[in-house]
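A.B. asks: Just so you know, the protein sequences line up as chains A and B, in that order.
Just so we're aligned, residue 1 is where the first sequence starts under our numbering, counting upward by one.
Just so we're aligned, residue 1 is where the second sequence starts under our numbering, counting upward by one.
The C-beta atom is built at its ideal place from N, Cα and C for all residues, glycine as well.
Handing you a structure now.
Protein chains: 2
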Amino acid sequence: MSAVVERVQRAIEAGGRLARAPAESRTRALKALATALVDPEVCARVLEANARDLAAASGLATPLVKRLKLDAAKLETMADGARQLASRADPLGDVLARRKLDEGLVLEQIRCPLGVLAVVFESRPDALAQIASLALRSGNAVLLKGGREAAESNHALAEVVRVALERAGLPADAVQLLDDRAEVDALLGLEKGVDLVVARGGKEFVEHVRARSRMPVLAHAEGVCHVFLHRSADPAKAARIVVDSKVTYPAACNAVETLLWEPGAEAALDASVAALRSVGVELRGDAATRARHPEMTAATDADWDCEYGALILSVARVADLDGALAHIARHGSQHTEAIVAEDRAAAERFLAEVDAACVFHDASTRFADGYRFGLGGEVGIGTGKLHARGPVGVDGLLTFRWLLRGSGQVSAEYGPGQKPFLHEDL
Amino acid sequence: MSAVVERVQRAIEAGGRLARAPAESRTRALKALATALVDPEVCARVLEANARDLAAASGLATPLVKRLKLDAAKLETMADGARQLASRADPLGDVLARRKLDEGLVLEQIRCPLGVLAVVFESRPDALAQIASLALRSGNAVLLKGGREAAESNHALAEVVRVALERAGLPADAVQLLDDRAEVDALLGLEKGVDLVVARGGKEFVEHVRARSRMPVLAHAEGVCHVFLHRSADPAKAARIVVDSKVTYPAACNAVETLLWEPGAEAALDASVAALRSVGVELRGDAATRARHPEMTAATDADWDCEYGALILSVARVADLDGALAHIARHGSQHTEAIVAEDRAAAERFLAEVDAACVFHDASTRFADGYRFGLGGEVGIGTGKLHARGPVGVDGLLTFRWLLRGSGQVSAEYGPGQKPFLHEDL
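Set out below in structure tokens:
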């Protein structure tokens, strides 16, 4: 048996024990994890490991170092995620439907874990605690592989999680760290054993994982998000929302890439442009926008489909709300779309008609996030429509089974001209 | 614009109108469809079209002709499916979660249709009415392509559906029939426009669709289902269940392929073997089974992974319930697994531990079906764990969107050391 097959086998077994344990054990493990993450001794150990990573990372660019660096506030956020999840009702065994098909023939649809997850993520070590917490609450085993530059931090954090599992009487092997890229590639090449592969990171990295994997992948995909300024938009709100959506984390998939405005929204546009410029955002406008703001660079066709991941924003005028809907339908990536409008009816039409995972009114696109949504973190953000959509928390890590309890019934007894089904919801 | 792109475009627009129409319109269309399917004049027209297909099908094998042939009972079953769905609450706009993130910042998770479905199915024309009914209730537009040999029947049935849509004031283009295989191939080659492709038919056909499609496919995949005879099994029940599971429709994916038994279940095994033999089922046993029933053919390793689709059944002895669980984990296709047992504790353990879409106690595997489950039919049966699992009815044709209604909030206001989120479920 290859090393990776043996690891997957251990994960399957540990996952089974984790899922069959009483809900209280999973809650206890989450509480133990939250406590450990703010324990001074544990914190010191994790931060020391992180310091070793930082020391080795002298060649890295500043934003990467910022993502790599752990501190007390980040540990507190991780602990808070684990606490949030500990206080949530355990979902395993939840009955989604119960139906009497006939006397003594009862159907149940019950929630259960997917089984084994594999999560491959880049740089940020805090993702490890977040993902492990979500796996614990959903009863899934998880194989984790973080960025090489965070190796020491990840090992220290994984150890904290494994100790928390053991304190709750659960198998430590429910959370395992994969050693290197070769092991990940071997894993992705397996035909079965992992129920969901989650890829978090840059576009190229996610594409690499998606292309190699023979098992289902949840790709934390491209985000080409828009903010549309309706003619009723409040200029001050517009400027705040557009700036927050662009500059708080330009590399995030929920950052805005294109600002749309309609005639009548000039004051909101002007306020947004001034605010963006004052924080150093490069603006690229279409002809109509440049007629008003001639100092902008001219946008090309490629700009409307581009995820800049940087302090660049394209700006386009649309004819009206319909024009905004059409632009978003054509160029959006079904991630997060926002309207700024005081006109409630216009906002509600936008909320009803935009086909995207997240649709916002008068709020920053950056709220599209599992922690902010109150999901206790996220394993990723899905832009497909199947299974999970938007920030994926516990719910996206669950599936269900149909259980039928009979007393000897056979299908040939039922049907037209024979016994009818009762189909009575219980 | 190519013909197929134009059709998809019409489907997207019709789907939008269908989804935004009041629930009552979709209910009215379903009722109109149910009424039409049992209207003498409509029935006569559909059966005449079916007679033309049958006349052209002189070369087909008997089971195919049986699937192709429509009669009053089949039309009544289709009408009953539409009626079942008309009486179900409309799911669109259902609020799955509502959470106050902060004052004036409220998150909602609401159900919505996937958008446009493409369903490619073989032979059985009654599938058309079933699928169209599910699409209607879920607010999805659907592009349909049935088997060539059922072309006349499919055209007649599609016309009935389209008339029902128009009677309810809904766009007929929400249900469109694709003309030929070339159009299907062109459709599968598109990069977007269809949200879910459903493939129903033989293994090769499903593989063809899966390999060609660039859009997500729900593959009605292989079913290697088992019935396990526990030592507490009632012999008469066992024989009934095993025979029904095998012979009522051997080509169905929910038919049983392997019978497992443990020491102590000899009486149930003997009763099952005798009943199966009396209806002409070929049996292939492992050494332990053949020691008791030497007249059986010897099973080879390949038998344990085979979906026969025919009146053939393999039989294996396992050491005990654990042995049965291990055999199923190794050879099952996570479709439908059943135990026959009077011992409640053994049955509950089986229900809890088998990882499959459907797990049954003392009931035929053939109950794994959307119509029998009370889902108003099915577009297919999924054996994956993501999105839908088991028989896929209305729920599997829905997704959701996250709507956030704010009043100017931005993400930088919140977080450790700043404003906390309320995360209050409403």
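1. Which two residues bound the contiguous beta strand (DSSP E) that contains E337 of chain B?
2. Could you compute how far the alpha carbon of A368 of chain A sits from the alpha carbon of T336 of chain A?
3. Thinking C-beta only, is R20 of chain B closer than 8 Å to G376 of chain B?
4. Since V359 of chain A meets chain B, which of its residues come closer than 9 Å, beta carbon to beta carbon?
5. Taking the alpha-carbon positions, what's the P250 of chain B to L190 of chain A distance?
6. What residues of chain A sit near D410 of chain B, judged by a beta carbon separation below 7 Å?
7. Tell me the DSSP secondary structure of G105 of chain A in three-state form.
8. Output needed for A49 of chain B: all residues of its chain with C-beta closer than 6 Å, excluding positions within five of it in sequence on either side, in chain order.
9. According to DSSP, simplified to helix, strand and coil, what is L283 of chain B?
10. The beta strand (DSSP E) with C358 of chain A in it runs from where to where?
11. Starting from the C-beta of L107 of chain A, find all residues in its chain whose C-beta is less than 6 Å away, skip the five residues before and the five after it, and write them out in chain order.
12. Three or more C-beta pairs under 8 Å: does that hold for the segment 353 to 360 of chain A against the segment 327 to 344 of chain A?
13. DSSP puts W304 of chain A in a beta bridge; with which residues?
14. For a test of the three-state rule: what should DSSP assign to P91 of chain B, helix, strand or coil?
15. Just to confirm the assignment, what range does the alpha helix (DSSP H) spanning F367 of chain A have?
16. Should E222 of chain A and K192 of chain A be called a contact, given that it needs their Cβ atoms to be closer than 8 Å?
17. Could you give the residue range of the alpha helix (DSSP H) that holds V205 of chain B?
18. Jot down the residue ranges of each uninterrupted alpha helix (DSSP H) in the segment 18 to 102 of chain A, minimum 4 residues, whole runs only, in chain order.
19. By DSSP, does G437 of chain A sit in helix, in strand, or in coil?
20. Determine the direct distance from the alpha carbon of T77 of chain B to that of E348 of chain A, and round the result to whole angstroms.
21. Measure the C-alpha to C-alpha separation of G59 of chain B and V247 of chain B and round it to an integer number of angstroms.
22. Please report the distance separating the alpha-carbon of A361 of chain A from that of G406 of chain B.
23. Could you name the residues of chain B that D322 of chain A contacts, counting a contact when the two beta carbons are closer than 7 Å?
24. Check for me: the alpha helix (DSSP H) holding A239 of chain A runs from which residue to which?
25. Report yes if the CB atom of V256 of chain B is closer than 8 Å to the CB atom of L188 of chain B, and no otherwise.
26. Leaving out the 5 sequence neighbours to the left and right, which residues in its chain are closer than 8 Å to L114 of chain B when beta-carbon positions are compared?
27. Please report how far the alpha carbon of A199 of chain A lies from the alpha carbon of P216 of chain A, in whole angstroms.
28. Along chain A, in chain order, which residues have C-beta atoms closer than 7 Å to that of K203 of chain B?
29. For L283 of chain B and D301 of chain B, what's the separation of their Cα atoms in angstroms?
30. Check the Cβ-Cβ distances between A127 of chain B and every residue of chain A, and say whether any is below 8 Å.
31. Any beta carbon from chain B within less than 8 Å of R137 of chain A's own beta carbon?
32. Any C-beta of chain B within less than 7 Å: which residues of the segment 71 to 91 of chain A qualify?
33. Find the residues of chain A that neighbour K66 of chain B, judging by a C-beta separation of less than 9 Å, and give them in chain order.
34. Looking at the strands, I want to know which residues DSSP matches up with G332 of chain A.
35. Going by alpha carbons, who is nearest to G93 of chain A out of A:R401, A:R214, A:E413?
36. Please report whether the beta-carbon of T248 of chain A lies at a distance below 8 Å from any beta-carbon of chain B.
C.D. replies: Taking the coordinates as given:
1. 336 to 340
2. 7 Å
3. no
4. Ordered by position in chain B, the residues that pass the 9 Å Cβ test against V359 of chain A are R401, W402, L403, L404.
5. 32 Å
6. Per the sequence shown, residue 410 of chain B should be read as Val rather than Asp. Ordered by position in chain A, the residues that pass the 7 Å Cβ test against V410 of chain B are R240, I241, D244, S364.
7. Residue 105 of chain A is actually Leu in this sequence, not Gly. Three-state result, L105 of chain A: strand.
8. E152, S153, A156.
9. strand
10. Boundaries of the beta strand (DSSP E) harbouring C358 of chain A: 358 to 363, taken from the DSSP string.
11. R99, L101, L404
12. Yes: the two stretches touch, three or more of their Cβ pairs being nearer than 8 Å.
13. None; W304 of chain A has no bridge partner.
14. Coil at P91 of chain B, not helix or strand.
15. Careful: F367 of chain A lies outside any alpha helix (DSSP H) and carries neither H nor E.
16. No, Cβ-Cβ distance for E222 of chain A and K192 of chain A is not below 8 Å.
17. Note on identity: in this sequence residue 205 of chain B is Phe, with Val being the wrong assignment. From DSSP, the alpha helix (DSSP H) with F205 of chain B extends over 203 to 212.
18. 23 to 37, 40 to 56, 62 to 68, 72 to 86
19. The shown model of chain A, from 1 to 426, leaves out residue 437 of chain A, and the question about it has no answer.
20. 41 Å
21. 24 Å
22. Here residue 361 of chain A turns out to be His, not Ala, going by the sequence shown. When only Cα atoms are considered, H361 of chain A and G406 of chain B end up about 6 Å apart.
23. Within 7 Å Cβ-Cβ: nothing; D322 of chain A doesn't reach chain B, min ~13 Å.
24. A239 of chain A -> alpha helix (DSSP H) spans 235 to 247.
25. No, the pair does not count as a contact, with Cβ atoms beyond the cut-off.
26. S138, N140, D195, L196, L397, L398, T399
27. Rounded to whole angstroms, A199 of chain A to P216 of chain A spans 11 Å at the Cα level.
28. Among the residues of chain A, none has a CB under 7 Å from the CB of K203 of chain B; the nearest is roughly 17 Å distant.
29. 15 Å
30. no
31. No, R137 of chain A lies away from the interface with chain B (no Cβ there is under 8 Å from its Cβ).
32. A73, E76, T77
33. Per Cβ cutoff of 9 Å: no residues; K66 of chain B is ~15 Å from chain A at best.
34. In the DSSP output, where bridge partners are listed per residue, G332 of chain A has none listed.
35. For the options A:R401, A:R214, A:E413, the alpha carbon positioned closest to that of G93 of chain A is the one of A:R401.
36. yes
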